[in-house]
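Okay, so here's the structure we're looking at.
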Amino acid sequence: MAFRGAGAFGLTAPFGEAYRAKGRRLRTTVAFLAETPGSATLEDQKAVLSPDDIVVEAGKKSFNQLGELLARNGIKLASGDRIKVFDLSCLALSTNMLIRVLAKTLRAGISVEIVSQKLVIEPGATSEMHVLLDTLDGHYRHIHGIKTHPADTAPQGRKRLLDPDKLPEIRAKLDKPGATATDVAQELGVARSTLFNYLERYDRERRISRGKKVVKGGVEGRGDDAHVPKRDADKRPV
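Encoded structure:
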């Protein structure tokens, strides 16, 4: 890897006049030069550089190592700085990894310029390209998590509206004098059919009792609680 810039590394260069009297520094632009088979050559990429660009020729290093390589030479990019690449085809990274690196760079407040496309991706919640890259990165992480931890991400099914542990409490409501299934369902915030299905599934004693009440034509009674199974000893209206 080779560096080239407006002077040697340090606080005064390659930043040059990077620090004003008030302590604010100008934007630093790092141009990362790399090539892959069929991409633009390094010489072609150098031809479109700006004089103030800090140039990093990748050599055998990868784009996702840029921050570490700069740090070793005393340079730390900050919010407001920019990384410039000639074209994404010059970067020997998988698309998934490239998206992650770009998204991470933008989250640090550093803009990304793609010279061949005349495109500058600015960081921030109002930048549609930044939001898109973050979304793609999130999608990759989600799918990767499913593949690597299938047990943790397996569908858990629809959340129960009524917890089985609440059966005694629900039965107590139904057993109150004058209570109806419709009233109790409304109180629980569920449909009456949901309450009926819940009792049918979890109230074993009632299921047994209901089986004893079935007569030739069906269940005795066709009122509001015709489908709510009752204990034999329970003679109060539900």
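So the sequence shown is numbered by the working numbering: it starts at 18 and just counts up by one. Even glycine gets a Cβ: it sits at the ideal position worked out from N, Cα and C.
Look at ALA75 here: in three-state DSSP terms it is coil, with no helix or strand label. Rounded to whole angstroms, PHE80 and HIS166 show a C-alpha spacing of 28 Å. Minimum Cα-Cα distance from PRO54 among the listed residues ALA48, LEU110, ALA88, LEU94 corresponds to LEU110. For SER210, the uninterrupted alpha helix (DSSP H) segment begins and ends at 209 to 219. CA-CA distance, SER106 to GLY76, rounds to 16 Å. In the structure shown, THR46 falls within a strand segment according to DSSP collapsed to helix, strand and coil. Under the three-state reduction of DSSP, LEU136 is assigned to strand. SER128 is bridged by DSSP to ARG99. The beta carbons of ILE71 and ALA51 sit no closer together than 8 Å. In this structure, DSSP gives LEU178 a state outside helix and strand, which the three-state scheme calls coil.
Boundaries of the alpha helix (DSSP H) harbouring GLN203: 198 to 205, taken from the DSSP string. Here the alpha carbon of ASP104 sits roughly 14 Å from the alpha carbon of ALA64. Taken through DSSP and simplified to helix, strand or coil, LEU66 comes out as coil. With distances taken between CA atoms, ALA202 lies nearest to LEU178 out of ARG218, ALA95, ASP220, LEU178. By the Cβ-count criterion, ASP182 is exposed, with fewer than 16 other Cβ atoms from all chains shown falling within 10 Å of its own Cβ. Taking the CA atoms as reference points, LYS101 sits about 59 Å from ALA208.
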